[in-house]
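Student:
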Amino acid sequence: MQIREIKNEIEEMLSENNGIMLYAVLKNEEGKTIKFLNIADENDDNNNTSSSLLKGFAEIIRNKFAVYNEDDEIIKLSSADERKNALYSYDLDELPLEMEWLKGVSSALAVRETFNFREDSLNQIIALIVVVGNENNNLIMYKQQYPISFLNRDRYMLTPILHENRLKRVDQDILRIDFNYQFFLWNDIVYISDIEKMEKICSFHDIILNEAKISIQKIEEVQILDNVEVLSDELDNISFARKLTRIYKDSKVLGKVSNQAIIEFSMRHHYFKNNPLKLTESKDKFILDTKKSKETFIKLMNDDLLTSQLTNSDYESLAKNNL
Numbered sequence: 063m064q065i066r067e068i069k070n071e072i073e074e075m076l077s078e079n080n081g082i083m084l085y086a087v088l089k090n091e092e093g094k095t096i097k098f099l100n101i102a103d104e105n106d107d108n109n110n111t112s113s114s115l116l117k118g119f120a121e122i123i124r125n126k127f128a129v130y131n132e133d134d135e136i137i138k139l140s141s142a143d144e145r146k147n148a149l150y151s152y153d154l155d156e157l158p159l160e161m162e163w164l165k166g167v168s169s170a171l172a173v174r175e176t177f178n179f180r181e182d183s184l185n186q187i188i189a190l191i192v193v194v195g196n197e198n199n200n201l202i203m204y205k206q207q208y209p210i211s212f213l214n215r216d217r218y219m220l221t222p223i224l225h226e227n228r229l230k231r232v233d234q235d236i237l238r239i240d241f242n243y244q245f246f247l248w249n250d251i252v253y254i255s256d257i258e259k260m261e262k263i264c265s266f267h268d269i270i271l272n273e274a275k276i277s278i279q280k281i282e283e284v285q286i287l288d289n290v291e292v293l294s295d296e297l298d299n300i301s302f303a304r305k306l307t308r309i310y311k312d313s314k315v316l317g318k319v320s321n322q323a324i325i326e327f328s329m330r331h332h333y334f335k336n337n338p339l340k341l342t343e344s345k346d347k348f349i350l351d352t353k354k355s356k357e358t359f360i361k362l363m364n365d366d367l368l369t370s371q372l373t374n375s376d377y378e379s380l381a382k383n384n385l
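The working numbering numbers the first residue of the sequence shown as 63 and each following residue consecutively.
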């Protein structure tokens, strides 16, 4: 699916008569909860909080999509590579709690509790879930809130009283909202534009670790390594674990190319002259005895080593679009 397709779908929704709803993710001693945030709108159209929020979030959605190349494919998260300005769709088996919340808000199991100042405090808010849309379609964004977004009245803030030409102390806490988001839900699929921020927000390491372990099991099944267990030694490296996950989630090699063809390729491709992979005496399995050899094996299994049919030149290519 090209980015153009989802961009056009969302733009069509944004051009309709829409509303906006906010949900707060609260953190307290008992854990995390989600509560609906009431938005107070004034009668004056120029001071309508909902319309201002809707305008701001609609604008940031459009701005983010304007950065992408519309012809680019949406990349599965399991196939994430080194491309910049890429849009990813979440396709791993385990869904982080934060993404579960997005789906919970969108489902019939609506959040029943409402943020109440007698029980809740603005400084408990660690994230906002922003819903933009209508009864037919909506886009649900996850927006991380940071401590600097909470302005405590103890900081002695001043606000102008314009008609009196004076300054007055602010005697209420203030929640500052900037128009941004880290990932969003559209048509029951979660899309991510910044993987690093998503990983930090969602405590993603454990999920990738579990997926990488499955990949090691799949590699063991094809019996192409003499010592498959050495891959587990590198799982603390999130980048390595993510590349390992690609092998079983979106591999063009594992289970599709014979071991003999893989080994023969490693013996003739120019890349392996400087990055050789050791073979057993029977020459039917690889031996991974260094960190570099493990990285090389990952490149091999992810089909990152290509040859141009035009120039017959060899290349290492992490970013690949199917034709």
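Note that the Cβ used here is the ideal one computed from N, Cα and C, for glycine as well. Predicted, not measured: the structure shown is a model, and the values here were computed from it.
Any idea if G93 is buried or exposed, counting beta-carbon neighbours within 10 angstroms, 16 or more meaning buried?
Tutor: What you label residue 93 is simply residue 31 of the sequence shown in a count that begins at 1. With fewer than 16 Cβ atoms within 10 Å of its Cβ, G93 is classed as exposed.
Student: Check for me: the alpha helix (DSSP H) holding M83 runs from which residue to which?
Tutor: What you label residue 83 is simply residue 21 of the sequence shown in a count that begins at 1. No alpha helix (DSSP H) holds M83; the beta strand (DSSP E) holding it covers 81-90.
Student: With 16 as the cutoff for other CB atoms within 10 Å, does D295 come out buried or exposed?
Tutor: As a first step, residue 295 must be located in the sequence shown, where it is residue number 233. So D295 ends up on the exposed side.
Student: Given that a residue counts as buried once 16 or more other Cβ atoms are within 10 Å of its Cβ, and exposed if not, what is R308?
Tutor: Start at 1 with the first residue of the sequence shown, and residue 308 comes out as number 246. With 16 or more other Cβ atoms within 10 Å, it is buried.
Student: Among I278, L88, E261, which has the Cα closest to the Cα of L292?
Tutor: Numbered from its first residue, the sequence shown carries residue 292 at position 230. First, the residue type needs correcting, since residue 292 is Val and not Leu in the sequence shown. The option with the nearest alpha carbon to V292 is I278.
Student: Just reading off the beta strand (DSSP E) that H189 is part of, what are its end residues?
Tutor: As a working mapping, residue 189 is identified with position 127 in the sequence shown. The amino acid at residue 189 is misidentified as His; the sequence shows Ala. A189 -> beta strand (DSSP E) spans 187-195.
Student: Could you check the C-alpha separation between S113 and G81 for me, to the nearest Å?
Tutor: Taking the sequence shown and counting its residues from 1, the one referred to as residue 113 is at position 51. Taking the sequence shown and counting its residues from 1, the one referred to as residue 81 is at position 19. Going by the C-alpha atoms only, they are around 8 Å apart.
Student: Our contact map puts D312 next to K146 with C-beta atoms below 8 Å; I'd like the distance itself, whole angstroms only.
Tutor: Walking along the sequence shown from the start, residue 312 turns up at place 250. Walking along the sequence shown from the start, residue 146 turns up at place 84. Actually they are not in contact, since the Cβ atoms of D312 and K146 sit about 20 Å apart, beyond 8 Å.
Student: Give the C-beta separation of N321 and D298 to the nearest angstrom, bearing in mind that I take them to be a contact with Cβ-Cβ under 8 Å.
Tutor: Taking the sequence shown and counting its residues from 1, the one referred to as residue 321 is at position 259. Taking the sequence shown and counting its residues from 1, the one referred to as residue 298 is at position 236. Not a contact, Cβ separation roughly 28 Å.
Student: Measure the alpha-carbon distance for E121 versus K305 and round it to whole angstroms.
Tutor: Position 59 of the sequence shown holds residue 121. Position 243 of the sequence shown holds residue 305. Cα to Cα, E121 sits roughly 34 Å from K305.
Student: For the candidate residues N131, S328, L154, whose alpha-carbon lies nearest to that of A148?
Tutor: The sequence position of residue 148 within the sequence shown is 86, counting from 1. Taking only the C-alpha atoms, the option nearest A148 is N131.
Student: Can you tell me whether D268 is buried or exposed? The criterion is at least 16 other CB atoms within 10 Å of its CB, across all chains shown.
Tutor: For the purposes of this step, residue 268 is identified with residue 206 of the sequence shown, where counting begins at 1. With fewer than 16 Cβ atoms within 10 Å of its Cβ, D268 is classed as exposed.
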